[in-house]
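First to last, the protein sequences are chains A and B.
For what it's worth, the working numbering labels the leading residue of the first sequence as 686, then goes sequentially.
For what it's worth, the working numbering labels the leading residue of the second sequence as 555, then goes sequentially.
Glycine residues also receive a C-beta, built at the ideal position from the N, C-alpha and C atoms.
Just so you know, these numbers come straight off a predicted model, no measurement behind them.
Here the structure is laid out as structure tokens; the discussion comes afterwards.
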Amino acid sequence: MVRIECFFDCASPWAYLGVTNLLGITSRLGIAVSWRPVVVGFVFAQVNQELYLDRRLRAPPLKGAYEGRELQAWAEHAGVIVNSPPKCGHPVKTVKCMRGCIALEPSGKLVPFAIAAYEALWRDGRNLGHDDVLTDICRQVGVNPDEFFAMIEADESKAQLKANVDELVARGGFGVPTFYVDDELMFFGNNRMRLVEHELRERLRLGGEAA
Amino acid sequence: MSDRDPALIEGFFDCSCVWAWLAFEHAGWFAEQAGVAIRWRPVLAKDVFAQVNRAVHWPLPEAKQAYYAKDLPLWADYLGLALADDLPEPEDMIPCMLACVAAGRWGRLEAFAGGAMAGAFTHGRDLGDRAVLSKIWSEAGLPPATFEEGLAWPDIAAELAANTRELMERGGFGVPTFFLGDAMFFGNDSLPLLERAVAVREMTG
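So this is what it looks like as structure tokens:
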């Protein structure tokens, strides 16, 4: 069996596309994903945020406009709606949301919750940092809101989020979505899904006899 | 409204860029399969960067640099292309890009450009060396005597400069950059989007 991990943050539209595309690929291939929720701001803080800002400030305006159009094209390609920038403003504080993803993983609700959160922000423009929005998402996916808010305050959720961020940075990551295949190959960005799929298929094919 | 042919794919490239080579091959295969033509437009990337994108020269965070060093061989592997251990970085790309334009006059642009980039990125050949370029020119099936002659035609230089200017006028900031009509696609990574755009266009007529 091949191992695929996905580091993601609901604050990122690119991660939304990566997660959506990965779900499509892995469901076709019949393999499970190891989901690693992170808050990308915490990653940036460790991986030299100054340089990012500097480069962004001095990148040609044309490139920014182009990247906006490219995001739309990739969203259409993935079959989802992305309204960027979202009505509620950007960036959004997703600490509670990502702790929620972590807390919901054992019950199997991580994926429905994450997708609903992505839609809430990127389709509907709702602020994932707000409790009422998180409550609505909980209800939408059949999670008890009171339990949810209790779980995300637990030490385990906080510790796991921090551990995910630290691990991503330790493994050479610097943003989302980031994928790891069999702990050894890293892929950054939704525009690498072809390579991810190619690698998964290769490894499944070669390891097929043993599976 | 644009008067550009919405069915035409244009590919702006510079032989100094390994990513442009990957895209050149990648797009070439796609175009062949899809039965569409690509009009290749040689440019001088150095001029594009100098005029509209100086940030390209600035260092990326270390983690990103380390990642792209691994990303490149993964793409090459996926595309079935062999990479030399040391990728050359020629100083002067003008003769090479002039030769691309000139080769186009004889209908051999793809053969020359493809040969030049494979030569550089698989075999480490120096595209800044005129003797090397002359050899690639004849390997591309062009008469050896025409190499120096072709490079010297004034309208060759004018065409290269015009392509470079046009890329920037149309919103480009680097290579490889593809256009389908007015829609722009930058980078080897966005080829799936170009492919999709072509498919959508074919379906919607």
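Legend entry - Contacts around A:Y803, its chain only, beta-carbon distance under 6 Å, and the 5 residues preceding and following it disregarded: Taking the first residue of the first sequence as position 1, residue 803 of chain A is located at position 118. Excluding positions up to five away in sequence, the list reads C695, Y701.
Inset, instruction - Give a yes or no on whether the C-beta atoms belonging to A:L707 and A:V718 are separated by under 8 Å. - result: Walking along the first sequence from the start, residue 707 of chain A turns up at place 22. Walking along the first sequence from the start, residue 718 of chain A turns up at place 33. Yes, these two residues count as a Cβ contact at 8 Å.
Legend entry - Neighbourhood of A:G860 by C-beta distance below 7 Å, restricted to the same chain and skipping five residues each side: Your numbering for residue 860 of chain A matches position 175 in the first sequence. Excluding residues within five positions, the ones whose Cβ falls inside 7 Å are V725, V728, F873.
Legend entry - Nearest neighbour of A:R784, chosen from A:W720, A:V854, A:E690 [CA to CA]: For the purposes of this step, residue 784 of chain A is taken as residue 99 along the first sequence, with counting starting at 1. Selected option, being the one with the closest Cα: A:W720.
Inset, instruction - Could you give the DSSP three-state label for B:M738: helix, strand or coil? - result: Counted from its first residue, the second sequence places residue 738 of chain B at position 184. If DSSP states are grouped into helix, strand and coil, B:M738 belongs with the strands.
Legend entry - Contact list for A:Y751 against chain B, beta-carbon separation under 8 Å: Looking up residue 751 of chain A in the first sequence gives position 66. Here the neighbours are G725, F727, M738, F740.
Legend entry - Cβ contact (3+ pairs, closer than 8 Å) linking the stretch 680-691 of chain B and the stretch 729-739 of chain B: With a cut-off of 8 Å, the stretch 729-739 of chain B and the stretch 680-691 of chain B do not count as touching, because too few Cβ pairs lie within range.
Inset, instruction - Might you give, ordered along the chain, the residues of its own chain that have their beta carbon closer than 6 Å to the beta carbon of A:A844, omitting 5 neighbours on each side? - result: Mapped onto the first sequence, residue 844 of chain A falls at position 159. Excluding positions up to five away in sequence, the list is empty.
Inset, instruction - Please decide whether A:R888 counts as near chain B, where near means a Cβ-Cβ distance under 8 Å. - result: Start at 1 with the first residue of the first sequence, and residue 888 of chain A comes out as number 203. False, the Cβ-Cβ gap to chain B never drops below 8 Å.
Inset, instruction - Quick one: using the 10 Å Cβ neighbour count with 16 as the cut-off for buried, is A:A788 buried or exposed? - result: Taking the first sequence and counting its residues from 1, the one referred to as residue 788 of chain A is at position 103. With a threshold of 16 other beta carbon atoms within 10 Å, A:A788 meets it and is buried.
Legend entry - Rounded separation between B:W578 and B:F567 - CA only: On the second sequence, position 24 is the one that residue 578 of chain B refers to. On the second sequence, position 13 is the one that residue 567 of chain B refers to. Reading off the sequence, residue 578 of chain B comes out as Phe, not Trp. Counting only the Cα atoms, B:F567 lies some 8 Å from B:F578.
Legend entry - Whole runs of the alpha helix (DSSP H) within the stretch 674-708 of chain B, excluding any shorter than 4 residues: Taking only runs of at least 4 residues, the alpha helix (DSSP H) segments lying wholly in the stretch 674-708 of chain B are 684-693, 700-706.
Inset, instruction - List the residues of chain B that A:N876 touches, going by C-beta distances under 7 Å, in chain order. - result: For the purposes of this step, residue 876 of chain A is identified with residue 191 of the first sequence, where counting begins at 1. Simply D743, S744.
Inset, instruction - Determine whether the Cβ of A:R688 lies closer than 8 Å to any Cβ atom of chain B. - result: On the first sequence, position 3 is the one that residue 688 of chain A refers to. Taking 8 Å as the CB threshold, A:R688 stays off the interface with chain B.
Legend entry - Length of the line joining the Cα atoms of A:G814 and B:A620: Working through the first sequence from its first residue, we reach residue 814 of chain A at position 129. Working through the second sequence from its first residue, we reach residue 620 of chain B at position 66. Answer to the nearest angstrom: the Cα atoms are 33 Å apart.
Inset, instruction - Classify B:D743 as buried or exposed, calling it buried when 16 or more other Cβ atoms lie within 10 Å of its own Cβ. - result: In the second sequence, counting from the first residue as 1, residue 743 of chain B sits at position 189. With at least 16 other beta carbons inside 10 angstroms of its own, B:D743 counts as buried.
Legend entry - Chain-ordered neighbours of A:G857 on chain B, where CB pairs are closer than 7 Å: For the purposes of this step, residue 857 of chain A is taken as residue 172 along the first sequence, with counting starting at 1. Within 7 Å Cβ-Cβ: A617, A620, Y621.
Legend entry - Own chain, CB closer than 8 Å to A:N849, minus 5 neighbours either side, in chain order: As a working mapping, residue 849 of chain A is identified with position 164 in the first sequence. So the list reads F692, R721, P722, V723, I787, once near-sequence residues are dropped.
Legend entry - Range of the contiguous beta strand (DSSP E) that encloses A:F834: Taking the first residue of the first sequence as position 1, residue 834 of chain A is located at position 149. Not the beta strand (DSSP E): A:F834 falls in the alpha helix (DSSP H), residues 830-838.
Inset, instruction - Would you please verify whether the beta carbon of B:A609 is less than 8 Å from any beta carbon of chain A? - result: Here residue 609 of chain B refers to the residue found at position 55 of the second sequence. The Cβ of B:A609 sits closer than 8 Å to at least one Cβ of chain A.
Inset, instruction - Give the DSSP bridge partners of A:C691, in chain order. - result: As a first step, residue 691 of chain A is located in the first sequence; it is residue number 6 there, counting from the start. Paired residue(s): A:W720, A:F864.
Legend entry - Closest by C-alpha distance to A:V796, when choosing among A:V854, A:E887, A:I822: Along the first sequence, read from residue 1 onward, the residue named residue 796 of chain A stands at position 111. Per the Cα distances, A:I822.
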